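S.K.: Before I ask anything, let me first share the structure, which is written out below as structure tokens.
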Ligand SMILES: Cc1cc2nc3c(=O)[nH]c(=O)nc-3n(C[C@H](O)[C@H](O)[C@H](O)COP(=O)(O)O)c2cc1C
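Residue numbers (the numbering used here): 592 to 764.
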């Protein structure tokens, strides 16, 4: 590990919290993806990004950053759905395929507070809730219909990412 770079994008702070905690374990600051001009000095590059409406936020910037990184690269996806949700792996794999690089992927769970949403996200959630009322037994439906703040952040789930960065393990696609 030469010069680890931790870059992130975050709307409500969960991914920022993970990125800051991860970067502090390497003794570096976490950088906003939008402020990362190039990752040409990064080795490894670790990008963290949240899921919004079944998309990985900042997809284009992430791909650009991964392509500019000379060494190993990892993508850490943060969402409220269970980490073994196959849809999450599919999204990460599609982004990795589009980057044309071998990238290790990790899935973490973030917080979700329906009382703190901006107007657009509140509107989106209202649409989603009306759809999910038809399938109330799905895990995502139960989480979203409850309208309670969900606290899923667990910084110990960063351990596999640190192990990967140190060259110990990883699922590289
Ligand atoms: C409008 C909206 C859509 C979301 N869509 C998804 C989703 O498709 N899958 C998922 O797992 N989580 C979804 N989430 C939950 C976020 O990924 C989760 O709250 C995450 O912690 C947000 O990260 P951030 O605080 O760094 O922005 C959604 C949240 C909002 C507000």
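We put the CB at the ideal spot given by N, CA and C, even for glycine.
Computed from a predicted model, the values in this text were never measured in an experiment.
Does any heavy atom of ligand 1 sit closer than 7 Å to the C-beta of residue 644?
M.R.: Stepping through the chain shown from its first residue, residue 644 is reached at position 53. Distance from the C-beta of residue 644 to the nearest heavy atom of ligand 1 is below 7 Å.
S.K.: Could you check which residue in 659, 643 and 676 has the C-alpha nearest to that of residue 712?
M.R.: Counting from 1 along the chain shown, the entry for residue 712 is found at position 121. It is 643 whose Cα lies nearest to the Cα of residue 712.
S.K.: Tell me the residue span of the alpha helix (DSSP H) that contains residue 731.
M.R.: Taking the chain shown and counting its residues from 1, one reaches residue 731 at position 140. Here the alpha helix (DSSP H) through residue 731 covers 730-736.
S.K.: Measuring straight from C-alpha to C-alpha, what distance separates residue 594 and residue 633?
M.R.: The count along the chain shown starts at 1 and reaches residue 594 at position 3. The count along the chain shown starts at 1 and reaches residue 633 at position 42. Going from the Cα of residue 594 to the Cα of residue 633 covers about 6 Å.
S.K.: If I follow the unbroken beta strand (DSSP E) through residue 627, where does it start and stop?
M.R.: Taking the chain shown and counting its residues from 1, the one referred to as residue 627 is at position 36. Neither: residue 627 is in no beta strand (DSSP E) and is coded neither H nor E.
S.K.: Any idea if residue 631 is buried or exposed, counting beta-carbon neighbours within 10 angstroms, 16 or more meaning buried?
M.R.: Taking the chain shown and counting its residues from 1, the one referred to as residue 631 is at position 40. By the 10 Å Cβ count, residue 631 comes out exposed.
S.K.: Below 8 Å, can you find three or more Cβ-Cβ pairs linking the segment 636-652 to the segment 735-747?
M.R.: no
S.K.: Keeping to the same chain, check which residues put their C-beta closer than 7 Å to that of residue 671; ignore five residues upstream and five downstream.
M.R.: For the purposes of this step, residue 671 is taken as the residue at position 80 of the chain shown. Taken in chain order, the residues that qualify are 700, 701, 703, 734, 741 and 743.
S.K.: Helix, strand or coil for residue 726? Go by DSSP, reduced to three states.
M.R.: In the chain shown, the residue the question calls residue 726 occupies position 135. Three-state DSSP puts residue 726 in coil, outside helix and strand.
S.K.: Residue 657 and residue 636: beta carbons closer than 8 Å?
M.R.: Walking along the chain shown from the start, residue 657 turns up at place 66. Walking along the chain shown from the start, residue 636 turns up at place 45. In contact: residue 657 and residue 636 (Cβ atoms closer than 8 Å).
S.K.: Closest to residue 682 by C-alpha separation, out of 602, 649, 613 and 608, would be which residue?
M.R.: Taking the first residue of the chain shown as 1, we reach residue 682 at position 91. Checked all of 602, 649, 613 and 608; the closest Cα to residue 682 is 649.
S.K.: When every heavy atom of ligand 1 is checked, does at least one fall within less than 7 Å of the C-beta of residue 602?
M.R.: The count along the chain shown starts at 1 and reaches residue 602 at position 11. Within the cutoff, so yes.
S.K.: Regarding residue 748 and ligand 3, is the C-beta to nearest heavy atom distance less than 7 Å?
M.R.: For the structure depicted, ligand 3 is absent and the ligand set comprises only ligand 1.
S.K.: Please report the residue range of the beta strand (DSSP E) in which residue 700 lies.
M.R.: The residue labelled residue 700 in the question sits at position 109 within the chain shown. Its beta strand (DSSP E) spans residues 695-700.
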